[in-house]
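As structure tokens, the structure follows; a few thoughts come after it.
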Amino acid sequence: MNQHADQTRQYSSEENRTRASRPETKRLGQAFRVFLRYPTPAIISTLFVVSSFVRLVLGRWSAWDLVASAIVVGYWPFQEWFAHKYLLHLKPFRFLGRTIDIYPAARHRAHHQNPSDFSLVFLPWHVPLIAFAAFVGLGYLVFHSFALTMTIMTTFSAVALAYEWIHFITHTDYVPKTAYMRRIWRNHRLHHYKNEHYWFSFTMPAMDEWMGTGGPHDQVEKSE
Ligand SMILES: [Zn+2]
Ligand SMILES: [Zn+2]
Ligand SMILES: [Zn+2]
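Residue numbering for the sequence shown follows the numbering used here, beginning at 239 and increasing consecutively.
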């Protein structure tokens with residue numbers, strides 16, 4: 239208990255140093271310029287531009303393009319919630335006599351220890367590249383159509399970019415204006431500063447209500 243309190247103090251002084259040295263993000267335009275400076279948003283933006291360009295060139299539109307896009311949009315909030323809860327918050331565990339601490343979880347732990355460090359907010363830069371390759375393969379396997387695969391990749395990179403932007407915004411000094419963004423912003427701050435076992439979603443905050451990881455806030459105990 240005491241040891242943990244010490245850790246919390248140590249993190250917050252580290253956090254104060256990080257806050258003091260990072261670029262200004264009070265205004266949306268400032269935040270957007272900082273966002274584009276990091277490799278992961280730049281890589282996902284490039285994937286979006288390339289796949290949407292290839293998709294436009296291929297033509298041959300059909301209702302299946304809408305179906306494929308809808309599948310990706312419907313799937314994303316689930317991936318977000320499950321990956322955040324079970325992968326990113328996976329504690330180091332013992333396996334065959336050794337301690338396993340998977341990289342995404344270790345990195346996410348670092349993000350929780352220093353939430354003000356922008357470089358820890360984003361997915362590791364290689365993750366979108368691996369996911370993109372995997373989903374191109376999967377898309378082609380399911381639909382046997384390069385055009386539909388590109389529709390999937392365009393949608394996938396768009397929602398991935400929206401996720402990165404939304405997560406980034408919750409850690410900037412910009413205060414969102416719309417009710418929807420305010421809800422996401424508040425939920426993610428509660429996840430960081432109140433209880434890391436709740437509020438795992440981003441783009442669709444209702445996910446947490448459905449999965450039993452939302453409010454009411456006074457009933458949620460503060461995590462260790
Ligand atoms: Zn965060
Ligand atoms: Zn988390
Ligand atoms: Zn905990």
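For each residue, glycine too, the CB sits at the ideal point set by N, CA and C.
Computed from a prediction, not measured in an experiment: that's the story for all the values here.
heavy atom of ligand 2 below 7 Å from residue i C-beta
i: E434; result: yes
i: H327; result: yes
i: H346; result: yes
Closer than 7 Å: residue i CB and nearest ligand 1 heavy atom
i: V359; result: yes
i: P353; result: yes
i: H349; result: yes
i: H409; result: yes
i: H426; result: yes
i: H322; result: no
i: H364; result: no
i: H382; result: no
DSSP-derived helix/strand/coil call for residue i
i: F333; result: strand
i: I340; result: coil
i: Q241; result: Annotation note: pLDDT 43 at Q241 (below 50); position unreliable, no value reported.
i: H429; result: helix
i: G267; result: helix
Residue i: CB within 7 Å of a non-hydrogen atom of ligand 5
i: H405; result: Only ligand 1, ligand 2 and ligand 3 can be found as ligands here, which leaves ligand 5 out of the picture.
Sub-8 Å separation of residue i and residue j beta-carbons
i: L325; j: S395; result: no
i: M449; j: W319; result: yes
i: F381; j: A306; result: yes
i: A269; j: T278; result: no
i: F440; j: I390; result: no
i: P366; j: I282; result: yes
i: Y431; j: G452; result: no
i: H327; j: E253; result: no
i: F406; j: R260; result: no
i: G377; j: T387; result: yes
i: F438; j: H322; result: yes
i: S354; j: H426; result: no
i: P362; j: R347; result: no
i: L296; j: F384; result: yes
Report the residue ranges of all alpha helix (DSSP H) runs contained in full by the stretch 302-327; include only those spanning at least 4 residues, in chain order. Secondary structure in the stretch 302-327: no alpha helix (DSSP H) run of 4 residues or longer lies completely within the stretch.
Uninterrupted beta strand (DSSP E) stretches inside the stretch 335-413 (no shorter than 3 residues): 336-338
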